[in-house]
Amino acid sequence: MILKTLEVLGPLHGYGVARRIEETSKDRLTLNYGTLYPALLKLEQEGFIAAEWRPSENNRRAKFYSLTAAGRKQLAREARDWHRTADLIAAFLAPKRETP
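Taking our numbering, the leading residue of the sequence shown gets -17, the next gets one more, and so forth.
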């Protein structure tokens, strides 16, 4: 979700990432900042996102995250995996067909 959010919206600070995910999920997903920031750090260390300090909308210094080329490739892999998983689950949830 973090990678997709950055792909769609471009560079965001951590709070912006969290708010966008909450808005997109209609508040069904709320992010704990104790979970979000370690995830952002891990994605940065893996080279999937890049971080840069700059002024935020309210002129405070904030760390902005952006998707890298490696992050775009990772997002494509994860999206393929999720689609396969969703298809598999849908097959099991489909109504059972009667056999003659």
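Backbone N, C-alpha and C define an ideal beta-carbon position, used for all residues, glycine too.
Quick caveat: nothing in here was measured; it's all calculated off a predicted structure.
Query: Going by CA-CA distance only, name the one from G(-4), T(-13) and I(-16) that's closest to R36.; Result: G(-4)
Query: So, P4 versus L(-6), is the Cβ gap smaller than 8 Å?; Result: Per the sequence presented here, residue 4 reads as Glu, with Pro not at that position. It is not a contact, given that the beta carbons lie outside the stated cut-off.
Query: Counting C-beta neighbours from all protein chains within 10 Å, is the total for Y47 16 or more, i.e. buried, or is it exposed?; Result: buried
Query: Once the 5 residues before and after T(-13) are set aside, which same chain residues still bring their CB inside 8 Å of it?; Result: L(-6), V(-1), R2, I3 and T6
Query: Run through DSSP, which three-state label would L49 get?; Result: strand
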